Structures are given as structure tokens and as C-alpha cells.
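K.L.:
This is the structure, below, for whatever I ask next.
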Ligand code: CA
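Now the structure itself:
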């Protein structure tokens, strides 16, 4: 029934468009061609996600970039700052900060002096989020659909037929670096230096895979059982901070054994990033650096000098203060090396706050948290900062997906045309959106998945769900959630007036929204016919394997 109603709306909308074309018949508008139904995008190639065209905005931005390159003599640097599990509501610029007992003056400053993006989206958990950012692809297509555990043995190397932005940039004049957390494959051929990073300094997994064997009070069932502990630690040969150079093998810098070491890893990663930036400046080469924090993923241990540094005194909040200090340090390094006006800085978090680890967790004003496709799981702080290129004080609710950083980074590096054609790219180039003073997004919709399964989408101010993730009790988004189909109709929320997604008015006030939602969903589903999901043995479609 709802399809019939959707079609009816579609027809009515079409009639209005015809009427408006007719009234303008004497002076026909220039291109673009009449949109098809609700779709406002243009598809330029089978393998590329269609984007909303903004020709004038893009032209002006290209001119601006050309002028900058003429001045600096090289392509711009790209610095992506990725915090682990930071909530939308943690930074002051997004409503947290001082109010939440953890001031974030440095993050707030780049938000105030750059572009604050209030609708930045990602995936519900770490591995798919990082995979999407690096490859520009929905994780269902790359197979990297859920966090990799040390005990996982993928049936194939997901990277064998993936292309990272780092790879393309490294081949085209950039030095590429990853500082900090990887978490997109531990085996040979899947490590950062194997898949496009010239240099890597960090760890392969996630904080909690290391702290599990460090805290006997919290994990006694593992820690106090020698056989279990030995087996657990034996799952990985890299329980350590490691380093790799393109084409080479990983080497262990130091094993991760104590809470004190874990507490200080972000200081180590910051030192390395500062050095990487300085070396790139000296070499006069543009860089692409992903600075991926270990914090604020649980278990948070304090870095030297940070215990009790936040007004809140909680370990999580002390970690937020440390992250903010490091952001300030990285910004100062750019400035000291004369690079701040030639570097796009993008600050964000890989997913929503992990409420399951409360109180060692962050805050989101939205429903749910990490692990869910609710807004709390997939909507994160986003800041684009570039003095002289991004107008200070801009704020936009235009849609931005972290996988757009793939296309945007390649566009800035002048190598967007070198994106291989054999796999579907879900990201879109957002250079015009970020750099034009009045930039509008090129993204029409954001699609959310739970692992390899489609859950819902955001279009305009509406969020629509085809499968939802109820949780049995608060703060159990991962531990006690389910993933179930909706009933007769998609659940639809107006997240402008109901940001917490409390009441779906799907079959009442928003019945007209079925039309656009169903059209977008079917356009999206159609892309999988030619470019199917990939199975690397982590379970496609939720099948346990
Ligand atoms: Ca994460």
C-alpha cells in the first residue's frame, strides 16, 4: 500500500514540476536537466555515487585552490584527526566541553575559526568506520563490516581488492602517514604500510584489546586464569606499539604491558605526528596524515600529568582534556612550520560514544550510542578547518559522511580522476561544500548499516529506518541490542524537531516522506547488483561465521 501512496506522491510532484516548467516556457532555464522524481543528484559514472551538482560553487573553489597552489608551489596537506568513540556531545563546540566537566578550548577554537558540520555521519563501530574513511566505500562492499578481533581469521584479505586514499596519494607526490590506531586488519598484507601508508607508528588493534590483560580488578576471569591469559595474549604477535615503512615489515617499538604505557600512548603518537609534519615541511612535500587517537576508547588510563586534570576528575573526561591539548599541539605545529594556510584539517570521531562502558564513556544528545544505527551511534562531531580557505565561523547542517573524506582528499591532491573504476565508490567529493563561503553539500542522503545489513537513511531533516536496533536497557547498545525489521512502514523521524528520535510519525504527518525515502532506498539497493557485497568471513548479512 505504501508503495502505491509513494507513487501517487511521485506523480503529483511530477505534475508540479511540469506546471512550473510550463510557466517558464518563454525563458527555459539552463541546465541541469529536470530532476527525476525526488532525486537531485547527477550520476557521472556507474561506479561513482551520484552527487548534487553545484557547478558555480565548484568552479569558484577550483579557482581558489589554483591560486593557493600557485602561491605555495604544491598541493595542500591533509590532516584527518580521528578520535576513537568520542560522543557528539563531548566537545564544547557541540554542546559539551565546560558544561560536561571537560573543557575543549582547542577543538572549540578550530570549530569557531572553521566550518562546524552538525550532520557528520559515520558507521556504528570502529573497523567499518575506518575502512569507509580510507576506501570511500560502504563497509558491506569491502567486507570490513565489524570490529576485527585478534582471534579473527578473515577468509580473504579485504585489502587485496581495495584502494585506499593513502595509496593513490602516495603514488602521486604525497607522503602518507598513519599515527595511532589502525584496526583494519592485523595480518600481513593488511597492515597500514602494506595498503598505502608510507609510514605507520601506532598499534594494530584497539585500546580494550590491550587493557583487557592489564586490569585484574576489572577482568579477573581472564587475568587471574593463567591458561586463558596466555591464550588471549597469544592471539596476536603485536601486543605492542609498532612501526612500519612502505613495503617493509612491522617492527615492535615497545610491548604494551602496563596501564601507564597505555595511558601515555597518545602522547607518543602526538610526538610522532609532530615529527612527521616537521619532516614533510622540510622535504617540501605535501602530506596526508591520519592522526588516529587511541583515546577516548575504554579503558582510559591517564597520561602523565593528566590524572584529575578535568574539572570532572573522571578518567574519560581527563582523556577528553588530553585529546584537546594534543589537537592544540598539532595546530601549533602546522603554524610553526608555516603549513596552517595550506592544510585541510578535519576533526571527527569514528563513531558515537560507547555507553556500554559507562562511566568510562562520552555523551551524545541523540538516541542510542556506539553500536547502533540510531543518531547516537552514527552522528559525530565534524570540523573542517583551513585558515584562509574556509571562512571562519561557518556552521552547516549539510550532510557529510566520513567516507566523503576519500573523494575530497583525492580531489585536493589532484588525483580524483585516478580512482580505479572497477569498484563502487560511495563517497562524494565535498571540496566545494567545505571550501566555498556559502558551500552546500554534494551529498543527498546518508545510508546506515548494521554490519553488512542496511538499516536506514537520512534525507533532509528526516531519518528513516527499515530495520531498527532496540536495546533492552539504557547503556546496553551493544551488549543487549537486537536488530529487527520494522512492521508495515519505515519508521520516520523529523530530527529537527525530534533529535532524540522518540516518536515516529511515519504514517501520519510524514506520509509524504515515503516517496523520497523509498526512491532513495531503491536507488541505493540497485548499486549492489553490479557491485555486490564482499564476504571476508566476518559474516555477511548478519550470519555468524
Ligand atoms: Ca570507535
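Residue numbers (my numbering): 915 to 1459. We treat Cβ as the ideally placed atom computed from N, Cα and C, and that holds for glycine. As the structure is a prediction and not an experimental result, all values here were calculated from the model.
#1: On the DSSP bridge list, what partners appear for residue 1031?
#2: Residues in its own chain within less than 6 Å of residue 1299 by CB, not counting five upstream and five downstream?
#3: Applying the 10 Å Cβ sphere with the 16-neighbour rule, what's the burial state of residue 1224?
#4: Residue 864 and residue 1098 look like a contact to me (Cβ under 8 Å); what is the Cβ gap, rounded to whole Å?
#5: Just verifying my parser: in three-state terms, what is the DSSP assignment at residue 1115?
#6: Spatial neighbours of residue 1397 within its chain, please: C-beta separation below 8 Å, excluding the five flanking residues on both sides.
#7: Is the CB of residue 1321 under 7 Å away from at least one CB in chain B?
#8: In or out: residue 1331 buried (at least 16 other Cβ within 10 Å) or exposed?
#9: Just jot down, in chain order, the residues whose CB lies closer than 5 Å to any heavy atom of ligand 1.
#10: Assuming contact is defined by CB atoms lying nearer than 7 Å, are residue 1210 and residue 1233 in contact in what I supplied?
#11: Assess contact between the stretch 1249-1265 and the stretch 1032-1041, defined as three or more Cβ pairs (one per stretch) separated by less than 8 Å. Is contact present?
#12: When the distance is taken between beta carbons, is residue 972 closer than 7 Å to residue 1346?
#13: To which residues of the same chain is residue 1438 closer than 7 Å at the C-beta, ignoring the five residues directly before and after it?
#14: State the Cα-Cα distance for the pair residue 991 and residue 1116, rounded to the nearest angstrom.
#15: On the CB-based measure, 16 or more other CB atoms within 10 Å of its CB, does residue 1417 come out buried or exposed?
#16: Whether or not the stretch 957-973 and the stretch 1320-1337 are in contact is what I'm after, with contact meaning three or more pairs of Cβ atoms, one per stretch, closer than 8 Å; do they touch?
#17: Mapping DSSP to helix, strand and coil, what is residue 984?
#18: Pairing CB atoms from the stretch 1167-1185 with CB atoms from the stretch 1072-1082, are three or more of them under 8 Å?
#19: With H, G and I counted as helix, E and B as strand and the rest as coil, what does DSSP make of residue 1088?
#20: If we require 4 or more residues per run, which alpha helix (DSSP H) segments fall completely within the stretch 990-1077?
#21: Determine the direct distance from the alpha carbon of residue 1047 to that of residue 1354, and round the result to whole angstroms.
#22: In the DSSP assignment, find the beta strand (DSSP E) that holds residue 1281 and state where it starts and stops.
#23: Pull up the DSSP beta-bridge partners for residue 1395, would you.
#24: Can you tell which of 1121, 1119, 1120, 1092 has the C-alpha that lies nearest to the C-alpha of residue 865?
#25: What's the C-alpha gap between residue 1064 and residue 1100?
#26: Pull up the distance between the alpha-carbon of residue 1356 and that of residue 1315, whole angstroms please.
#27: Work out the CA separation of residue 1186 and residue 942 for me, nearest whole Å.
#28: For the beta strand (DSSP E) containing residue 1407, list its first residue and its last residue.
#29: For residue 1269, which residues of its own chain have a beta-carbon under 6 Å away from its beta-carbon, when the five flanking residues on both sides are left out?
#30: Please report the distance separating the alpha-carbon of residue 1001 from that of residue 1410.
#31: Buried or exposed for residue 1166, going by 16 or more other Cβ atoms inside 10 Å?
#32: How would you call residue 1056, buried or exposed, if buried means at least 16 neighbouring beta carbons within 10 angstroms?
#33: Per DSSP, which one or two residues make a beta bridge with residue 1372?
#34: Note the first and the last residue of the continuous alpha helix (DSSP H) segment covering residue 1179.
#35: Just to confirm my understanding: we take residue 1445, look at its own chain, exclude 5 residues before and 5 after, and list those with CB closer than 8 Å. What are they?
P.N.:
Checking against the coordinates, here is how it stands:
#1: 1296, 1310
#2: 1024, 1028, 1259
#3: buried
#4: Since the displayed the chain opens at 915 and closes at 1459, residue 864 lies outside it and no answer follows.
#5: strand
#6: 1364, 1367, 1369, 1381, 1382, 1383, 1456
#7: Given the protein chain composition of this structure (a single chain), no chain B is represented.
#8: exposed
#9: 998, 999, 1040, 1264, 1265
#10: yes
#11: yes
#12: yes
#13: 1361
#14: 21 Å
#15: exposed
#16: yes
#17: helix
#18: no
#19: coil
#20: 1019-1026, 1040-1049, 1053-1056
#21: 21 Å
#22: Here residue 1281 belongs to no beta strand (DSSP E), and DSSP marks it neither H nor E.
#23: 1385
#24: Because the chain in this structure spans residues 915 to 1459, residue 865 falls outside the shown range and cannot be described.
#25: 8 Å
#26: 11 Å
#27: At residue 942, the pLDDT of 48 sits below 50, so the modelled position is not reliable and the matter cannot be decided from this model.
#28: 1405-1408
#29: 1275, 1283, 1389, 1391
#30: 19 Å
#31: exposed
#32: buried
#33: 1360, 1377
#34: 1173-1197
#35: 961, 1055, 1337, 1338
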